[in-house]
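J.: Pasting in a structure now, in structure tokens, and then I'll have a few things to ask.
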Amino acid sequence: MVNKKNLFEETKKELLHNLYTSKIFKIIQYGGIALIGVYSLGYIFKILAYTNNNFKILKESVKLQ
Numbered sequence: 003m004v005n006k007k008n009l010f011e012e013t014k015k016e017l018l019h020n021l022y023t024s025k026i027f028k029i030i031q032y033g034g035i036a037l038i039g040v041y042s043l044g045y046i047f048k049i050l051a052y053t054n055n056n057f058k059i060l061k062e063s064v065k066l067q
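Letter by letter, the sequence shown follows residues 3 to 67 of our numbering.
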């Protein structure tokens, strides 16, 4: 029983090590980071454009008075 458990633990550790050191995992990892970065930059620019538009409307309404 102990040998089976040891073998199972060693196999699990070896599989996880192979997964973490594989090239596919690195590509997926960096691709995910890049995707999150691009999405967050787009979200920031969306907020800035919305704020700029509201600021222009505010300036125009102040000029009319």
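By construction, the Cβ of each residue, glycine as well, lies at the ideal position given by its N, Cα and C atoms.
1) Going straight from the alpha carbon of F47 to that of K6, what length do you get?
2) Identify, in the order they occur along the chain, each residue of the same chain with its Cβ nearer than 8 Å to the Cβ of L21, setting aside the five sequence neighbours on each side.
3) In the structure shown, what three-state DSSP assignment does S42 receive?
T.: Reading from the atomic positions:
1) In the sequence shown, counting from the first residue as 1, residue 47 sits at position 45. In the sequence shown, counting from the first residue as 1, residue 6 sits at position 4. Cα to Cα, the separation comes out at about 56 Å.
2) Sequence index remark: in the sequence shown, residue 21 carries index 19 (1-based). The answer, listed in chain order, is F27.
3) Locating residue 42 in the sequence shown gives position 40, where the first residue counts as 1. When secondary structure is reduced to three states using DSSP, S42 falls in the helix class.
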